[in-house]
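Below is one structure; the comments refer to it alone.
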Amino acid sequence: MKVNKIVALQFMMSMVLMLGTASCSKKSSSSNASRATGWDVDSQNGTAARNAGKKQQAGPGLVFVEGGTFTMGKVQDDVMHDWNNTPTQQHVQSFYMDETEVTNGMYLEYLEWLKKVFPPTEENYKNIYEGASPDTLVWRNRLGYNETMTNNYLRHPSYANYPVVGVNWIQATEFSKWRTDRVNEAVLEKNGYLKKGAKTQDVTAESIFNTETYVASPTSTYGGNEELVLKKNQRGKRPKAGKDGVEEKNVYAQRSSGVILPEYRLPTEAEWEYAAAADVGQREYNIYKGQKKYPWSGDYTRSSKRKNKGDQLANFKQGNGDYGGIAGWSDDGADITNGVKSYAPNDFGLYDMAGNVAEWVQDVYRPMIDNEANDFNYFRGNLYGKNKIGKDGKIEIVTKDNIKYDTLSNGKIVARNLPGEIVQVPVDEQETYLRQNFSTSDNINYRDGDKQSSKYFDFGDEAENKADQAMYNSPKHNVTTDSLGTMIRKYDKSSKRTTLIDDNVRVYKGGSWRDRAYWLDPAQRRYFPQDMATDYIGFRCAMSRVGSKSEKRKSPRN
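Using mature numbering (1 follows the signal peptide of the UniProt record, and there is no 0), the letters of the sequence shown map in sequence onto residues -19 to -1, 1 to 539.
Put into structure tokens, the structure is as follows:
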């Protein structure tokens, strides 16, 4: 009997020890403890607060595109003999892309905001609004009557849901920057980091929100008006001073807060082609069953589904003098552009990736995709910069007195930065010295356009190469201003020019309402000067994904 009591007592003691050990184990693996040091993560005591597991939220208008590997390039005969889309194997990371092209209604929001904040009636701001306005004259034709489109397409409510055209690449890029700031401004206001209503009631030319400025120097946002930039602690409440009278740290939203979205931007060519082809619809387990000719499955442009059999799946030119069929039986439902979402989406849920309007992408055009140099997130056009630091050791911010304007090759004046933004300068030797992955700020011509890749390069003495021996000898038109402020435009009439390719031509992808079916193939690529516009090129925005590759939990990987 005594032995049994001793055994029972020993059992009870062992159970207590096990429970205590488990308790300690749980405590040490607490979500508030650092896996590196074991310290408690505590913003009040200066250790970085974590938001582990916080997932990126999709920005307004965006659709998730899960990345992967794909064959980038042609899948049909090269009838144009361009030899510019030889197949290469590429991989793109997951990203988000606009469900539709940017519409007239969306772009008018941008113009109205600019008009309110930078009144074009003021001399210092007049080129901001004018420089952002689409070129409505693109609709004119020497032998066509299109004045109705010239006067109404951009602003008439009947076309509000139609894709914006007449926008050049620079304007599309500036719109993307503006959209980034307005979306993050709304997100921060919703989360209590900005004064409610500040984005509409308190905004002026001297008081503007900019995402990068807020991240780098929150108190410089809105022109330094700190009443609009609210402080919060990690529990979502206004911070209070502690017992020692010191206010809690990290009270502004930061990258680590997980609420600030990455920037809206134009998609890269690789991203656009991958998203348009949507080969995921051809997937069986871990292989693609062939490659699509169009963003939809099949070899034809008409629907084979019983419900709408025979209907065209995109808006494009049917033949000579045929932009939409006959009255009462329209083939594609449009003669010029059509409203977005007029046709079925592809397997990623993206609309109008073929037809309606062609679309600008980020890349500078070169005839070849250099997969020997890179096959991951391929992009040509990198210009690396950094924040400019002033003499006082603080970042320099653009004011109304130092807005940078550019005169484009066609004489149009555009603003390249706006008040509230951080002044950018190219990276220098401080960032490039002994670096292996890049050695200069401007990487546009890397391996295709720089001296080393041209026939003029002399391995014996690079200094003897003449500056005018450029690989791409394109026309260089000249725009100057005389002493009276009159703009003088001079065409380059040289007979020695050999190409239209240079560092200022950008790729555009996809077919349009003016194109035949050949251009509906996502692999086709064309180029156009970045400062010019047409009546058939529009754009849509993209956003990089941070975190996991997929939004959904997958089955076990093989």
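Where a beta carbon is used, it is the ideal one built from N, C-alpha and C, also for glycine.
For residue i, list the residues DSSP reports as bridge partners.
{"i": "residue 468", "result": "462"}
{"i": "residue 185", "result": "188"}
{"i": "residue 175", "result": "210"}
{"i": "residue 84", "result": "144"}
{"i": "residue 341", "result": "489"}
{"i": "residue 205", "result": "In DSSP, residue 205 forms no bridge with anything."}
{"i": "residue 300", "result": "303"}
{"i": "residue 294", "result": "DSSP lists no partner for residue 294."}
{"i": "residue 71", "result": "51"}
{"i": "residue 509", "result": "487"}
{"i": "residue 545", "result": "The structure shown does not extend to residue 545, since the chain is modelled only from -19 to 539, so the question has no answer here."}
{"i": "residue 395", "result": "387"}
{"i": "residue 367", "result": "406"}
{"i": "residue 269", "result": "264"}
{"i": "residue 284", "result": "DSSP output for residue 284 lists no bridge partner at all."}
{"i": "residue 357", "result": "72"}
{"i": "residue 77", "result": "45, 524"}
Taking the Cβ atom as the reference point for each residue, do residue i and residue j lie within a distance shorter than 8 angstroms?
{"i": "residue 404", "j": "residue 377", "result": "yes"}
{"i": "residue 73", "j": "residue 115", "result": "no"}
{"i": "residue 484", "j": "residue 342", "result": "no"}
{"i": "residue 335", "j": "residue 257", "result": "yes"}
{"i": "residue 296", "j": "residue 319", "result": "yes"}
{"i": "residue 190", "j": "residue 42", "result": "no"}
{"i": "residue 88", "j": "residue 101", "result": "no"}
{"i": "residue 263", "j": "residue 278", "result": "yes"}
{"i": "residue 562", "j": "residue 531", "result": "Here the chain comprises residues numbered -19 to 539, so residue 562 is not present and cannot be evaluated."}
{"i": "residue 280", "j": "residue 293", "result": "no"}
{"i": "residue 514", "j": "residue 119", "result": "yes"}
{"i": "residue 117", "j": "residue 131", "result": "yes"}
{"i": "residue 460", "j": "residue 390", "result": "yes"}
{"i": "residue 253", "j": "residue 340", "result": "yes"}
Give me the residue from the options with the minimum Cα distance to residue i.
{"i": "residue 451", "options": "71, 264, 339, 429", "result": "429"}
{"i": "residue 70", "options": "357, 232, 396", "result": "357"}
{"i": "residue 108", "options": "510, 509, 427, 397", "result": "397"}
{"i": "residue 135", "options": "172, 166, 159, 93", "result": "93"}
{"i": "residue 261", "options": "193, 38, 475, 51", "result": "51"}
{"i": "residue 269", "options": "468, 281, 255", "result": "255"}
{"i": "residue 423", "options": "388, 470, 367, 18", "result": "367"}
{"i": "residue 316", "options": "326, 300, 327, 325", "result": "300"}
{"i": "residue 477", "options": "195, 488, 455", "result": "455"}
{"i": "residue 161", "options": "247, 338, 117, 181", "result": "247"}
{"i": "residue 337", "options": "197, 326, 325, 321", "result": "321"}
{"i": "residue 138", "options": "18, 85, 427, 465", "result": "85"}
Nearest chain C C-beta to residue i closer than 8 angstroms, yes or no?
{"i": "residue 530", "result": "Note that chain C does not occur in the displayed structure, where there is just one protein chain."}
In chain order, what residues of the same chain have a beta carbon less than 7 angstroms from the beta carbon of residue i, not counting five sequence neighbours either side?
{"i": "residue 209", "result": "175, 176, 179, 183, 203"}
{"i": "residue 225", "result": "Confidence is the limiting factor: at residue 225 the pLDDT is only 49, short of 50, which leaves the residue's position unreliable, though a coordinate-based value still follows. Within the same chain, residue 225 has no close Cβ partners at all."}
{"i": "residue 95", "result": "109, 110, 113"}
{"i": "residue 549", "result": "What is shown of the chain runs -19 to 539, which leaves residue 549 out entirely."}
{"i": "residue 406", "result": "366, 367, 369"}
{"i": "residue 194", "result": "201, 202, 378, 401, 402, 403"}
{"i": "residue 216", "result": "Its pLDDT being 46, under 50, residue 216 is placed unreliably in this model, and the value from its coordinates should be taken loosely. Here the set comprises nothing."}
{"i": "residue 533", "result": "none"}
Please go through the same chain and pick out, in chain order, the residues whose beta-carbon is closer than 8 angstroms to the beta-carbon of residue i, but skip the five residues on each side of it.
{"i": "residue 35", "result": "239"}
{"i": "residue 347", "result": "361, 429, 430, 482"}
{"i": "residue 446", "result": "Bear in mind that the predicted position of residue 446 carries a pLDDT of just 48, short of 50, making it unreliable; the figure below should be weighed with that in mind. Excluding sequence neighbours, residue 446 sits near 432, 437, 438, 439."}
{"i": "residue 412", "result": "365, 367"}
{"i": "residue 40", "result": "77, 164, 242, 245, 524"}
{"i": "residue 44", "result": "77, 78, 79, 80, 329, 330, 331"}
{"i": "residue 186", "result": "98, 99, 106, 381, 400"}
{"i": "residue 528", "result": "36, 37"}
{"i": "residue 425", "result": "345, 361, 362, 363, 364, 484"}
{"i": "residue 379", "result": "385, 398, 399, 400, 401, 402, 403, 404"}
{"i": "residue 371", "result": "377"}
Leaving out five residues on either side along the sequence, give the residues of the same chain with a beta carbon under 6 angstroms from the beta carbon of residue i.
{"i": "residue 350", "result": "69"}
{"i": "residue 243", "result": "524, 525"}
{"i": "residue 488", "result": "250, 342, 344, 346, 506, 508"}
{"i": "residue 172", "result": "240"}
{"i": "residue 326", "result": "332"}
Q) Does the stretch 295 to 307 touch the stretch 235 to 243, meaning 3 or more C-beta pairs lie closer than 8 angstroms? A) no
Q: May I ask you to verify whether the stretch 269 to 282 touches the stretch 352 to 366, counting CB pairs closer than 8 angstroms and requiring at least 3?
A: no
Q. Do the stretch 146 to 159 and the stretch 384 to 400 make contact, defined as three or more Cβ pairs closer than 8 angstroms?
A. yes
Q: Would you check if the stretch 72 to 89 and the stretch 326 to 337 touch, i.e. whether three or more CB-CB distances between them fall below 8 angstroms?
A: yes
(Q) Whether or not the stretch 478 to 495 and the stretch 511 to 530 are in contact is what I'm after, with contact meaning three or more pairs of Cβ atoms, one per stretch, closer than 8 angstroms; do they touch? (A) yes
(Q) Is it the case that the stretch 501 to 516 contacts the stretch 461 to 472, given that we only count it when at least three CB pairs across the two stretches are under 8 angstroms? (A) no
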